[in-house]
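**Student:**
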Amino acid sequence: MNLERVDLNLLIYLDVLLREKNVTRAAEQLGVTQPAMSNILRRLRNLFNDPLLIRSSEGMTPTERALELQPRIRDALADLSMILEPRTEFRPYTSNRVFRIMTSDYAEATLVPRLVKALRSEAPNVVLDFLTPSDVSYRDMEQGKVDLAINRFNEIPQSFHQVLVWRDSFSCLLNSKHPAAPNLNLKSYLDAQHIWVSKTGMGVGFGVNPEKQAGLGWIDQALERIGQKRKISVFTRHYQMPALLASNVDLIATLPSRIARLQAQSQNLLIKDPPFYIPEFELKMAWCPLLHHHPAHRWLRQLILYVARQMIEEENREFLLNNSQISHF
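First residue of the sequence shown? That's 1 in the UniProt record's numbering, and the numbers climb one at a time after it.
1) Taking H161 as the reference, which of T24, H293, A308 has the closest Cα?
2) Can you find the residues in the same chain that come closer than 8 Å, C-beta to C-beta, to V16, ignoring five residues on each side of it along the sequence?
3) Which residue comes first and which comes last in the alpha helix (DSSP H) that contains E122?
4) Roughly how many angstroms lie between the CA atoms of R55 and P62, to the nearest whole one?
5) Which same chain residues, not among the five before or five after S188, have their C-beta less than 6 Å away from its C-beta?
6) For E64, which of helix, strand or coil comes out of DSSP?
7) Since I believe L283 is in contact with A66 (beta carbons under 8 Å), could you give me their beta-carbon distance rounded to a whole number of angstroms?
8) For E280, which residues in the same chain have their Cβ closer than 6 Å to its Cβ, ignoring the five residues on either side in sequence?
9) Please state whether DSSP places M202 in a helix, a strand or coil.
10) Do the stretch 217-237 and the stretch 190-200 meet, that is, are 3 or more Cβ pairs less than 8 Å apart?
11) Would the stretch 38-46 count as touching the stretch 126-139 if we require 3 or more Cβ pairs under 8 Å?
12) Hey, quick one: how far does the beta strand (DSSP E) through R167 stretch, first residue to last?
13) Going by the DSSP bridge assignment, what does D129 pair with across the sheet?
14) Please classify R19 as buried or exposed, where buried requires at least 16 other C-beta atoms within 10 Å of its C-beta.
15) What is the C-beta distance between I271 and L173, in whole angstroms, given that I count them as a contact (C-beta under 8 Å)?
16) Do F276 and L186 have their beta-carbon atoms positioned less than 7 Å apart in this structure?
17) Select from E314, F319, L291 the residue whose C-alpha is nearest the C-alpha of G144.
18) Quick check: what's the CA-CA separation for T236 versus V32?
19) Look up L173 in the DSSP assignment and give the residues it is bridged to.
20) For the structure I just gave you, are there three or more beta carbon pairs, one from the stretch 112-124 and one from the stretch 301-309, closer than 8 Å?
21) For Q193 and E318, I'd like the C-alpha separation in whole angstroms.
22) Per the DSSP calculation, W196 is bridged to which residue(s)?
23) Let me know the secondary structure DSSP gives L283 once reduced to three states.
24) Roughly how many angstroms lie between the CA atoms of T110 and Q263, to the nearest whole one?
25) Can you tell me the Cα-Cα spacing of L190 and R230, whole angstroms?
26) Taking the C-alpha atoms as reference points, what is the distance between A296 and S38?
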(Lines of atoms letter the chains of each structure in order from A and count residues from 1; the text may use other names and numbers.)
(Lines give C-alpha, C1' and ligand atoms only; values in the text may rest on other atoms or scores of the structure.)
Protein backbone atom coordinates (compact mmCIF):
# COMPACT_ATOMS: atom_id res chain seq x y z
CA MET A 1 0.00 0.00 0.00
CA ASN A 2 1.31 3.45 -0.92
CA LEU A 3 1.24 5.50 2.31
CA GLU A 4 1.36 8.77 0.36
CA ARG A 5 -2.19 8.04 -0.81
CA VAL A 6 -3.50 7.26 2.70
CA ASP A 7 -5.07 9.93 4.91
CA LEU A 8 -3.53 9.15 8.31
CA ASN A 9 -6.39 11.03 10.01
CA LEU A 10 -8.46 7.96 9.17
CA LEU A 11 -6.58 6.08 11.90
CA ILE A 12 -7.87 8.57 14.49
CA TYR A 13 -11.41 8.15 13.21
CA LEU A 14 -11.05 4.37 13.23
CA ASP A 15 -9.76 4.40 16.82
CA VAL A 16 -12.81 6.38 18.01
CA LEU A 17 -15.25 4.29 15.97
CA LEU A 18 -13.90 1.04 17.41
CA ARG A 19 -14.00 2.44 20.92
CA GLU A 20 -17.52 3.86 20.68
CA LYS A 21 -18.99 1.18 18.36
CA ASN A 22 -21.51 3.84 17.37
CA VAL A 23 -21.36 6.24 14.40
CA THR A 24 -23.39 8.98 16.10
CA ARG A 25 -21.31 9.02 19.31
CA ALA A 26 -18.07 8.89 17.33
CA ALA A 27 -19.23 11.86 15.22
CA GLU A 28 -20.08 13.86 18.35
CA GLN A 29 -16.72 13.13 19.94
CA LEU A 30 -14.79 14.11 16.82
CA GLY A 31 -16.92 17.16 16.05
CA VAL A 32 -18.18 16.04 12.64
CA THR A 33 -21.66 15.36 11.30
CA GLN A 34 -23.17 11.89 11.28
CA PRO A 35 -23.24 11.77 7.42
CA ALA A 36 -19.55 12.75 7.38
CA MET A 37 -18.74 9.97 9.88
CA SER A 38 -20.71 7.46 7.79
CA ASN A 39 -18.65 8.49 4.79
CA ILE A 40 -15.44 8.08 6.82
CA LEU A 41 -16.52 4.57 7.83
CA ARG A 42 -17.12 3.79 4.16
CA ARG A 43 -13.58 5.00 3.32
CA LEU A 44 -12.14 2.90 6.13
CA ARG A 45 -13.95 -0.19 4.89
CA ASN A 46 -12.47 0.37 1.43
CA LEU A 47 -9.01 0.99 2.88
CA PHE A 48 -8.95 -2.22 4.93
CA ASN A 49 -11.17 -4.23 2.57
CA ASP A 50 -13.28 -5.26 5.58
CA PRO A 51 -16.69 -4.18 7.01
CA LEU A 52 -14.95 -3.37 10.37
CA LEU A 53 -18.30 -2.70 12.13
CA ILE A 54 -21.44 -4.74 11.45
CA ARG A 55 -24.96 -3.98 12.66
CA SER A 56 -26.31 -6.52 15.15
CA SER A 57 -29.05 -6.77 17.75
CA GLU A 58 -26.63 -5.20 20.26
CA GLY A 59 -25.64 -2.29 17.99
CA MET A 60 -22.43 -2.16 15.96
CA THR A 61 -20.21 -5.22 16.43
CA PRO A 62 -16.51 -5.14 15.40
CA THR A 63 -15.34 -7.78 12.96
CA GLU A 64 -12.42 -10.08 13.69
CA ARG A 65 -10.21 -7.84 11.54
CA ALA A 66 -11.31 -4.76 13.54
CA LEU A 67 -10.49 -6.46 16.85
CA GLU A 68 -7.07 -7.34 15.47
CA LEU A 69 -6.49 -3.75 14.33
CA GLN A 70 -7.67 -1.96 17.49
CA PRO A 71 -4.62 -2.45 19.77
CA ARG A 72 -2.24 -1.86 16.86
CA ILE A 73 -3.98 1.41 15.95
CA ARG A 74 -3.77 2.54 19.60
CA ASP A 75 -0.04 1.77 19.70
CA ALA A 76 0.53 3.55 16.38
CA LEU A 77 -1.28 6.69 17.57
CA ALA A 78 0.64 6.65 20.84
CA ASP A 79 3.94 6.44 18.93
CA LEU A 80 2.87 9.33 16.67
CA SER A 81 1.91 11.38 19.69
CA MET A 82 5.34 10.77 21.21
CA ILE A 83 7.08 11.78 17.95
CA LEU A 84 5.10 15.00 17.57
CA GLU A 85 5.14 16.06 21.22
CA PRO A 86 7.94 18.50 22.10
CA ARG A 87 10.59 16.72 24.15
CA THR A 88 10.79 18.41 27.52
CA GLU A 89 12.48 16.95 30.54
CA PHE A 90 10.14 16.42 33.49
CA ARG A 91 11.41 18.15 36.64
CA PRO A 92 9.39 16.69 39.53
CA TYR A 93 10.67 19.05 42.23
CA THR A 94 9.37 22.16 40.45
CA SER A 95 6.31 20.59 38.76
CA ASN A 96 2.76 21.43 39.88
CA ARG A 97 1.18 18.79 37.65
CA VAL A 98 -2.05 17.04 38.70
CA PHE A 99 -1.99 13.23 38.42
CA ARG A 100 -5.34 11.43 38.49
CA ILE A 101 -4.99 7.88 39.76
CA MET A 102 -7.72 5.29 40.16
CA THR A 103 -6.93 3.19 43.24
CA SER A 104 -8.83 0.42 44.95
CA ASP A 105 -9.49 0.83 48.67
CA TYR A 106 -6.85 -1.86 49.23
CA ALA A 107 -4.17 0.07 47.31
CA GLU A 108 -5.18 3.32 49.00
CA ALA A 109 -4.75 1.76 52.44
CA THR A 110 -1.41 0.06 51.77
CA LEU A 111 0.57 1.76 48.98
CA VAL A 112 -0.77 5.32 48.82
CA PRO A 113 0.42 6.59 52.26
CA ARG A 114 4.00 5.67 51.39
CA LEU A 115 3.65 7.13 47.90
CA VAL A 116 2.40 10.44 49.31
CA LYS A 117 5.32 10.50 51.76
CA ALA A 118 7.81 9.98 48.92
CA LEU A 119 6.18 12.74 46.89
CA ARG A 120 6.52 15.31 49.69
CA SER A 121 10.30 15.24 49.25
CA GLU A 122 10.58 14.36 45.54
CA ALA A 123 7.80 16.58 44.15
CA PRO A 124 6.26 18.79 46.86
CA ASN A 125 4.06 20.77 44.45
CA VAL A 126 2.63 17.81 42.53
CA VAL A 127 -1.08 17.20 43.21
CA LEU A 128 -2.55 13.69 43.43
CA ASP A 129 -6.25 13.16 42.71
CA PHE A 130 -7.26 9.66 43.82
CA LEU A 131 -10.41 8.21 42.26
CA THR A 132 -12.31 5.06 43.20
CA PRO A 133 -13.12 2.22 40.75
CA SER A 134 -16.72 3.48 40.73
CA ASP A 135 -15.54 6.88 39.46
CA VAL A 136 -13.69 5.59 36.40
CA SER A 137 -14.32 3.62 33.21
CA TYR A 138 -11.80 2.13 30.80
CA ARG A 139 -12.99 4.71 28.26
CA ASP A 140 -11.87 7.49 30.62
CA MET A 141 -8.43 5.91 30.71
CA GLU A 142 -8.31 5.42 26.94
CA GLN A 143 -9.02 9.11 26.47
CA GLY A 144 -6.26 10.13 28.89
CA LYS A 145 -8.66 11.55 31.49
CA VAL A 146 -7.15 9.23 34.10
CA ASP A 147 -3.39 8.77 34.26
CA LEU A 148 -3.26 5.23 35.59
CA ALA A 149 -5.08 2.63 37.67
CA ILE A 150 -3.78 0.55 40.58
CA ASN A 151 -6.06 -2.37 41.30
CA ARG A 152 -6.62 -6.10 41.04
CA PHE A 153 -7.80 -6.58 37.46
CA ASN A 154 -9.84 -9.56 36.29
CA GLU A 155 -9.84 -8.22 32.75
CA ILE A 156 -8.32 -5.20 31.03
CA PRO A 157 -8.35 -3.83 27.45
CA GLN A 158 -5.77 -5.57 25.29
CA SER A 159 -4.15 -2.29 24.29
CA PHE A 160 -3.37 -1.24 27.89
CA HIS A 161 0.06 -1.56 29.46
CA GLN A 162 0.29 -3.19 32.87
CA VAL A 163 2.94 -4.13 35.40
CA LEU A 164 2.92 -6.11 38.64
CA VAL A 165 3.22 -3.97 41.79
CA TRP A 166 3.24 -6.87 44.26
CA ARG A 167 1.53 -10.10 45.31
CA ASP A 168 -0.34 -10.55 48.57
CA SER A 169 -1.79 -13.46 50.52
CA PHE A 170 -4.78 -13.57 52.89
CA SER A 171 -5.01 -13.57 56.69
CA CYS A 172 -7.81 -13.81 59.25
CA LEU A 173 -8.40 -10.95 61.68
CA LEU A 174 -10.37 -11.77 64.82
CA ASN A 175 -10.82 -10.72 68.42
CA SER A 176 -8.55 -12.43 70.96
CA LYS A 177 -11.72 -13.42 72.85
CA HIS A 178 -13.32 -15.02 69.79
CA PRO A 179 -14.22 -18.68 70.51
CA ALA A 180 -12.08 -19.74 67.51
CA ALA A 181 -9.00 -17.77 68.61
CA PRO A 182 -7.24 -20.63 70.48
CA ASN A 183 -7.65 -23.06 67.57
CA LEU A 184 -8.73 -21.63 64.23
CA ASN A 185 -9.38 -24.69 62.10
CA LEU A 186 -11.77 -25.24 59.20
CA LYS A 187 -14.64 -26.29 61.47
CA SER A 188 -14.35 -23.29 63.83
CA TYR A 189 -13.92 -20.99 60.82
CA LEU A 190 -17.13 -22.27 59.20
CA ASP A 191 -19.03 -22.15 62.49
CA ALA A 192 -18.20 -18.45 62.90
CA GLN A 193 -19.88 -15.36 61.43
CA HIS A 194 -17.85 -13.44 58.85
CA ILE A 195 -17.16 -9.96 57.43
CA TRP A 196 -16.93 -9.75 53.62
CA VAL A 197 -14.95 -6.86 52.22
CA SER A 198 -14.15 -6.19 48.60
CA LYS A 199 -14.36 -3.55 45.86
CA THR A 200 -12.38 -4.17 42.72
CA GLY A 201 -12.91 -3.78 39.01
CA MET A 202 -14.16 -0.70 37.20
CA GLY A 203 -17.54 1.00 37.16
CA VAL A 204 -20.35 1.49 39.62
CA GLY A 205 -20.69 -1.18 42.29
CA PHE A 206 -23.93 -2.97 43.10
CA GLY A 207 -25.23 -4.97 46.02
CA VAL A 208 -24.00 -8.54 46.34
CA ASN A 209 -26.11 -11.67 46.44
CA PRO A 210 -24.98 -13.82 49.41
CA GLU A 211 -26.45 -16.91 47.73
CA LYS A 212 -24.18 -16.63 44.68
CA GLN A 213 -20.97 -17.81 46.26
CA ALA A 214 -18.91 -17.79 43.04
CA GLY A 215 -19.57 -14.08 42.63
CA LEU A 216 -18.26 -13.14 46.08
CA GLY A 217 -14.55 -13.23 45.25
CA TRP A 218 -11.38 -15.16 45.98
CA ILE A 219 -12.15 -16.31 49.53
CA ASP A 220 -15.58 -17.73 48.79
CA GLN A 221 -14.40 -19.24 45.52
CA ALA A 222 -11.62 -20.99 47.45
CA LEU A 223 -14.20 -22.36 49.89
CA GLU A 224 -16.44 -23.44 47.04
CA ARG A 225 -13.57 -25.48 45.58
CA ILE A 226 -13.50 -27.59 48.75
CA GLY A 227 -17.28 -27.79 48.91
CA GLN A 228 -17.73 -25.36 51.81
CA LYS A 229 -19.47 -22.05 52.42
CA ARG A 230 -19.02 -19.45 55.16
CA LYS A 231 -21.72 -17.48 56.96
CA ILE A 232 -21.38 -13.79 56.09
CA SER A 233 -23.09 -11.29 58.40
CA VAL A 234 -21.61 -8.01 57.15
CA PHE A 235 -20.78 -6.83 53.63
CA THR A 236 -18.56 -3.76 53.24
CA ARG A 237 -16.48 -2.16 50.47
CA HIS A 238 -14.03 -0.37 52.76
CA TYR A 239 -10.91 -1.96 54.21
CA GLN A 240 -10.85 0.37 57.22
CA MET A 241 -14.06 -1.27 58.51
CA PRO A 242 -12.97 -4.83 59.41
CA ALA A 243 -10.85 -3.89 62.43
CA LEU A 244 -13.83 -2.06 63.93
CA LEU A 245 -16.16 -4.91 63.11
CA ALA A 246 -13.76 -7.67 64.14
CA SER A 247 -13.60 -6.08 67.59
CA ASN A 248 -16.91 -7.90 68.08
CA VAL A 249 -16.06 -11.23 69.68
CA ASP A 250 -18.13 -13.29 67.21
CA LEU A 251 -16.87 -12.00 63.81
CA ILE A 252 -13.92 -12.97 61.59
CA ALA A 253 -12.57 -10.81 58.75
CA THR A 254 -10.50 -12.59 56.08
CA LEU A 255 -8.39 -9.91 54.42
CA PRO A 256 -5.29 -9.35 52.31
CA SER A 257 -2.35 -9.87 54.68
CA ARG A 258 -0.93 -6.36 54.28
CA ILE A 259 -4.30 -4.90 55.29
CA ALA A 260 -4.60 -7.29 58.24
CA ARG A 261 -1.16 -6.26 59.57
CA LEU A 262 -2.16 -2.59 59.33
CA GLN A 263 -5.50 -3.22 61.03
CA ALA A 264 -4.18 -5.39 63.87
CA GLN A 265 -2.83 -2.45 65.88
CA SER A 266 -5.30 -3.05 68.70
CA GLN A 267 -4.17 -5.48 71.38
CA ASN A 268 -7.58 -7.18 71.21
CA LEU A 269 -7.04 -8.35 67.57
CA LEU A 270 -5.16 -11.41 66.38
CA ILE A 271 -3.90 -12.38 62.94
CA LYS A 272 -4.27 -16.03 62.01
CA ASP A 273 -3.56 -17.99 58.84
CA PRO A 274 -6.72 -19.13 57.02
CA PRO A 275 -7.42 -22.83 57.67
CA PHE A 276 -7.72 -23.52 53.91
CA TYR A 277 -5.81 -22.58 50.78
CA ILE A 278 -6.56 -19.19 49.19
CA PRO A 279 -4.44 -18.32 46.13
CA GLU A 280 -2.40 -15.14 46.26
CA PHE A 281 -3.63 -12.17 44.23
CA GLU A 282 -1.74 -9.59 42.19
CA LEU A 283 -1.92 -5.82 42.59
CA LYS A 284 -1.18 -4.26 39.20
CA MET A 285 -0.67 -0.83 37.72
CA ALA A 286 -2.27 -0.20 34.30
CA TRP A 287 -2.28 2.71 31.86
CA CYS A 288 -3.32 3.46 28.29
CA PRO A 289 -0.90 3.61 25.32
CA LEU A 290 -1.44 7.37 24.87
CA LEU A 291 0.48 8.05 28.09
CA HIS A 292 3.07 5.30 27.83
CA HIS A 293 5.99 7.46 26.66
CA HIS A 294 5.15 10.71 28.44
CA PRO A 295 8.12 11.73 30.69
CA ALA A 296 5.93 12.80 33.63
CA HIS A 297 3.96 9.57 33.54
CA ARG A 298 7.09 7.45 33.24
CA TRP A 299 8.49 9.22 36.31
CA LEU A 300 5.32 8.58 38.34
CA ARG A 301 5.17 4.91 37.38
CA GLN A 302 8.84 4.42 38.30
CA LEU A 303 8.30 6.14 41.66
CA ILE A 304 5.30 3.92 42.47
CA LEU A 305 7.30 0.76 41.70
CA TYR A 306 10.25 2.06 43.75
CA VAL A 307 7.99 2.71 46.76
CA ALA A 308 6.43 -0.76 46.40
CA ARG A 309 9.88 -2.42 46.28
CA GLN A 310 10.92 -0.52 49.41
CA MET A 311 7.84 -1.75 51.26
CA ILE A 312 8.46 -5.36 50.23
CA GLU A 313 12.12 -5.15 51.32
CA GLU A 314 11.10 -3.73 54.72
CA GLU A 315 8.53 -6.51 55.17
CA ASN A 316 11.16 -9.13 54.33
CA ARG A 317 13.64 -7.64 56.84
CA GLU A 318 10.95 -7.55 59.53
CA PHE A 319 10.01 -11.18 58.79
CA LEU A 320 13.64 -12.31 59.07
CA LEU A 321 14.09 -10.33 62.30
CA ASN A 322 10.97 -11.86 63.88
CA ASN A 323 12.04 -15.36 62.88
CA SER A 324 15.50 -14.73 64.30
CA GLN A 325 14.03 -13.60 67.63
CA ILE A 326 11.74 -16.64 67.80
CA SER A 327 14.66 -19.02 67.17
CA HIS A 328 16.43 -17.70 70.32
CA PHE A 329 13.65 -18.89 72.63
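Ideal placement from N, C-alpha and C gives every residue a C-beta, glycine not left out.
**Tutor:** For this structure:
1) Between H161 and the set T24, H293, A308, the nearest pair of CA atoms involves H293.
2) Result list for V16: A26, Q29, L30, in chain order.
3) For E122, the uninterrupted alpha helix (DSSP H) segment begins and ends at 112-122.
4) The alpha-carbon of R55 is positioned some 9 Å away from that of P62.
5) Excluding sequence neighbours, S188 sits near A180.
6) E64 falls in the helix class under three-state DSSP.
7) In this structure, A66 and L283 do not form a Cβ contact; the two beta carbons are roughly 32 Å apart against a cut-off of 8 Å.
8) R167, S169, listed in sequence order.
9) Summary for M202: the model assigns pLDDT 47, below 50, so the residue's position carries little reliability, and this model does not support an answer.
10) The stretch 217-237, when compared against the stretch 190-200, does touch it at the 8 Å Cβ threshold.
11) When C-beta atoms of the stretch 38-46 are compared with those of the stretch 126-139, fewer than three pairs fall below 8 Å, so the two segments do not count as touching.
12) Here the beta strand (DSSP E) through R167 covers 161-168.
13) According to DSSP, D129 bridges with R100.
14) A residue is called buried when at least 16 other Cβ atoms come within 10 angstroms of its Cβ; R19 meets this threshold and is buried.
15) Confirmed, Cβ separation roughly 6 Å.
16) At a Cβ-Cβ threshold of 7 Å, L186 and F276 count as neighbours.
17) Comparing Cα positions, the closest option is L291.
18) Their Cα atoms are separated by approximately 45 Å.
19) Paired residues: A253, I271.
20) Result yes; three or more Cβ-Cβ pairs closer than 8 Å.
21) So the two alpha carbons sit approximately 32 Å from each other.
22) According to DSSP, W196 bridges with F235.
23) L283 sits in a strand when the DSSP states are folded into three classes.
24) A direct Cα-to-Cα measurement between T110 and Q263 gives close to 11 Å.
25) Between the C-alpha atoms of L190 and R230 there is a straight-line separation of about 5 Å.
26) Cα-Cα distance, rounded: 37 Å.
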